[in-house]
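Residue numbers (the working numbering): 4 to 990.
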């Protein structure tokens with residue numbers, strides 16, 4: 004009878020409960036209840052095998068499967084396992100779902116070059132994480148998607164960051180994530196624990212197998228029913244393997260090969276009862292297994308082990324035995340025996356050890372001298388085959404040079420690994436590589452790189468530190484980057500000053516992106532101190548342009564003018580250098596700085612940005628130029644064509660953050676046009692996404708727009724909530740604060756007919772307004788609505804009106820409508836009714852696309868027009884009353900009705916609108932007018948204030964309040980106010 008071949012166990016033994024749990028996770032994913040599971044355990048415990056069973060279940064259920072494996076070479080290439088996972092989709096013929104990905108498809112081109120569109124996309128790691136989320140969700144929209152990341156303990160920092168983002172954002176998506184990792188200290192293990200503590204991932208710890216499970220495993224490996232296997236056999240396996248499945252399988256192989264486990268008369272039995280003379284170890288088992296394949300195969304496997312779990316055969320063969328003319332025989336033997344498997348993911352020349360413990364065991368058997376010799380051969384072979392050392396080869400070569408004792412070359416290789424990672428937008432990977440260099444090549448002192456003088460030349464040591472500084476800056480770790488910069492300054496006084504200037508400039512840019520403007524300006528000052536005496540524009544261009552961006556964000560007087568001055572000098576220096584990227588930055592800064600003085604001049608600067616960006620293929624700056632031109636066109640005449648085009652281009656080229664920026668501007672336009680549904684659609688569609696992507700400035704701008712939307716609908720409670728969110732986000736100290744004050748709070752006060760509060764808010768705006776050309780945003784009100792209120796109150800005359808009319812901001816369409824009404828009021832006071840009517844008509848023409856502002860403006864000037872005898876006041880107030888009544892702005896609608904009555908115009912009663920009263924209050928018998936009073940009591944104002952708002956008498960207010968006290972079972976007015984606050988807050 005032919006004996007069955009002893010193979011790796013073909014069935015999953017002892018993991019039934021764990022597999023049920025994973026199956027439940029997959030079922031939940033198919034129901035759009037996504038989740039993440041981290042499978043942890045010691046080496047050889049069966050993590051990868053369990054994940055493989057999950058993959059089988061997923062495929063049987065029709066789910067899309069994406070699988071990537073982190074490699075033991077460590078952090079050499081950012082996002083490597085994710086790239087592998089996405090490439091598995093591409094290789095399977097799965098086209099990316101462009102309809103669901105939108106601007107995120109070019110972002111994924113960073114991982115799958117075939118999906119790239121040009122060379123532009125958002126470089127934010129969070130944007131890339133969101134792109135992976137969207138791809139997985141799109142792949143799973145029919146039957147769910149499973150993403151498996153194997154050997155997470157070997158992951159680069161960027162992959163770990165993406166996994167953290169995935170785990171936090173899968174709850175409502177058809178996506179399941181399974182990650183396997185060793186239960187040993189490290190970044191991956193810490194992340195798994197953190198996700199479990201947050202409730203964002205399940206932690207599935209695999210324990211060792213018990214006696215019954217090892218018995219079933221042994222029978223499985225030997226190909227016999229469990230009841231036919233003597234317990235003595237599995238007891239021996241359990242004793243020597245400690246219940247670790249991989250070790251047990253290797254032990255069974257070894258016992259059979261050594262003749263200690265034989266099959267006679269159809270049954271397996273142990274030969275001899277004593278334990279082996281040499282205690283079983285995994286190293287010994289793997290060594291014996293390799294030795295049985297012959298000395299040439301053992302040499303090949305030893306060389307491969309030095310290279311890592313996955314290796315190119317061409318390098319291993321040259322390293323092991325250059326004179327071996329039959330390498331295929333050795334390779335075939337190792338593959339047949341199951342020690343090696345083809346690594347199809349990486350190419351036809353690549354193979355991998357079937358299990359990482361096999362590679363580790365073969366490595367452990369080598370002496371330090373053997374490792375050094377093989378390492379030297381390996382790097383020689385790698386350089387011979389491809390001196391460029393592509394991909395992970397460079398990190399492998401760095402480690403091998405270190406093992407071979409060549410520290411200088413090792414340092415150079417580590418430096419190249421870090422530089423490549425930075426170029427691939429993987430600062431975390433660069434930092435990890437440099438820290439590995441520190442550990443491998445020199446003593447540790449604090450957290451910086453310190454290498455003995457006789458190990459690495461000073462120049463290389465300096466470059467390692469400089470690269471660490473840049474990586475820390477790109478990773479947003481400004482405090483650490485600043486420390487390294489100070490260390491460089493102290494330790495390397497002979498360094499090239501020009502290079503040190505560049506480093507300070509990079510730090511300044513990192514600070515600008517992080518919104519730490521004071522830190523950035525400190526770096527600017529440090530850079531200027533290093534400039535030679537008499538430095539010209541060519542020398543200062545890099546410093547000037549970053550200072551231009553930093554300065555405009557500060558609160559100092561004259562910041563816009565200073566930014567313009569710096570940008571002009573930077574343009575001159577960039578042209579002398581022939582640096583197109585620097586020129587794009589400078590021209591854009593110039594366009595922004597000149598906007599307050601001249602939109603035409605600003606347009607010229609933005610067009611230069613476009614031209615320079617096109618010539619140098621700077622797609623991101625091309626998009627910036629489009630946004631600048633589109634914004635100017637919108638400010639000038641509310642023309643949206645340019646902004647729509649800029650938005651489309653940002654979406655097409657994957658500049659996600661820029662697209663969201665433009666989207667928020669389009670939402671503000673919708674609010675000003677009273678198209679609140681469109682505004683809500685734009686805001687609701689982006690709010691959660693911008694928060695996830697940590698686009699803080701865009702999120703804050705969107706919060707401002709939300710506040711303006713509530714104000715323009717006279718919804719005080721919504722405004723109050725929106726203002727709270729805005730202030731929580733740091734809005735009070737932000738550049739958007741004047742917009743909230745003018746477009747939201749002042750506007751709402753006027754719609755509520757609270758003229759006392761409106762006057763106070765207008766005064767605050769006027770007092771805080773900088774000189775005309777120093778405004779960051781131009782529609783807050785100081786060049787429009789505040790001017791009109793000042794004219795109506797007699798605080799502004801023709802001189803002020805003409806000054807604002809002549810300013811660029813005063814000529815912007817939103818502001819023009821109010822400036823025109825201010826001119827009409829002044830003409831009327833001078834007894835020039837014809838000019839007043841003409842100015843009013845021009846203002847209405849500007850306001851025709853802004854209906855809320857148009858009707859409010861006419862309501863505001865109505866009294867002045869009546870007094871001075873000009874304008875069709877009755878028509879204005881009739882139209883305004885109808886508009887405000889239907890829009891729910893009851894206070895101003897009531898004011899219009901009251902004024903119409905005083906003019907002798909017939910005014911019908913407005914008894915409709917009872918649908919606005921909540922059902923709970925209708926049940927109590929609350930009337931429409933009582934409900935108007937009810938809503939105002941949340942502010943705990945007196946009867947006179949309520950009467951003024953609703954255009955009724957204080958006596959009538961008192962009557963309504965008494966009725967409300969009775970209907971709500973309140974004992975006092977104070978209790979009624981408490982009831983109102985609780986009721987409205989609950990809604």
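No residue lacks a Cβ here, since even glycine has one placed at the ideal position from N, Cα and C. Note that this is a predicted model, so its numbers are computed, not measured.
- C-alpha of residue 247 to C-alpha of residue 253: approximately 10 angstroms in a straight line.
- Note on geometry: alpha-carbon atoms of residue 617 and residue 567 lie some 23 angstroms from one another.
- Checking the DSSP bridge columns, you'll see residue 266 partnered with 271.
- Residue 390 is classed as exposed because its beta carbon has fewer than 16 other beta carbons within 10 Å across all chains shown.
- Between residue 71 and residue 89, the C-beta gap is smaller than 9 angstroms, which places the two residues in contact.
- In this structure the stretch 835-852 does not lie against the stretch 757-777, because fewer than three pairs of beta carbons, one per stretch, are closer than 8 angstroms.
- The Cβ atoms of residue 258 and residue 148 lie no closer than 9 angstroms to each other.
- Straight-line measurement puts the Cα of residue 989 at about 37 angstroms from the Cα of residue 40.
- For residue 241 and residue 378, the gap between their C-alpha atoms comes out near 37 angstroms.
- DSSP places residue 520 in the helix class (H, G or I) of the three-state scheme.
- With a cutoff of 9 angstroms on beta-carbon distance, residue 747 and residue 717 are scored as not near each other.
- Sorting 177, 943, 903 and 145 by C-alpha distance to the C-alpha of residue 38 places 177 at the top.
- If you draw a straight line from the Cα of residue 102 to the Cα of residue 694, it is about 23 angstroms long.
- Considered as a whole, the stretch 772-835 harbours 788-795, 801-809 and 816-832 as its complete alpha helix (DSSP H) runs of no fewer than 4 residues, in chain order.
- Within 10 angstroms of the beta-carbon of residue 528 lie fewer than 16 other beta-carbons, which makes it exposed.
- For residue 298, the secondary structure class from DSSP, reduced to helix, strand or coil, is helix.
- Relative to the Cα of residue 526, the nearest Cα in the group 537, 544 and 504 belongs to 504.
- When secondary structure is reduced to three states using DSSP, residue 125 falls in the coil class, being assigned neither helix nor strand.
- Here DSSP, grouped into helix, strand and coil, assigns residue 36 to coil.
- Annotation note: the stretch 146-185 contains the following uninterrupted alpha helix (DSSP H) runs of length 4 or greater, listed N- to C-terminal: 160-171.
- Our two residues, residue 119 and residue 653, have alpha carbons roughly 14 angstroms apart in a direct line.
- Under the criterion of beta carbons closer than 8 angstroms, residue 416 and residue 404 qualify as touching, at roughly 6 angstroms.
- DSSP lists 313 and 344 as the bridge partner or partners of residue 355.
- Beyond the five residues adjoining it in sequence on each side, residue 979 comes within less than 8 angstroms, by CB distance, of 940, 964, 967, 968, 971 and 973 in the same chain, given in chain order.
- For the options 32, 92 and 882, the alpha carbon positioned closest to that of residue 64 is the one of 32.
- In the displayed model, residue 600 falls within coil according to three-state DSSP, outside both helix and strand.
- Of the residues assessed, residue 50 falls on the buried side of the cut-off, its CB having 16 or more other CB atoms within 10 angstroms.
- Residue 564: not part of any beta strand (DSSP E); member of the alpha helix (DSSP H) spanning 562-580, first to last residue.
- The DSSP-derived three-state label of residue 906 is coil.
- For secondary structure counted as the alpha helix (DSSP H) over 4 or more consecutive residues, the stretch 723-765 holds these complete runs in sequence order: 750-754.
- Secondary structure note for residue 382: its alpha helix (DSSP H) is the uninterrupted segment 371-388.
- Closest in C-alpha terms to residue 516, from the list 589, 209 and 477, comes 477.
- Buried is the label assigned to residue 936, since at least 16 other Cβ atoms lie within 10 Å of its Cβ.
- Its chain contains 303, 306, 307 and 310 as the residues whose beta carbon lies nearer than 7 angstroms to that of residue 319, once the 5 sequence neighbours on both sides are disregarded; these appear in chain order.
- Assigned with DSSP and collapsed to three states, residue 257 falls in helix.
- In this model, residue 522 and residue 287 are separated by some 58 angstroms (Cα to Cα).
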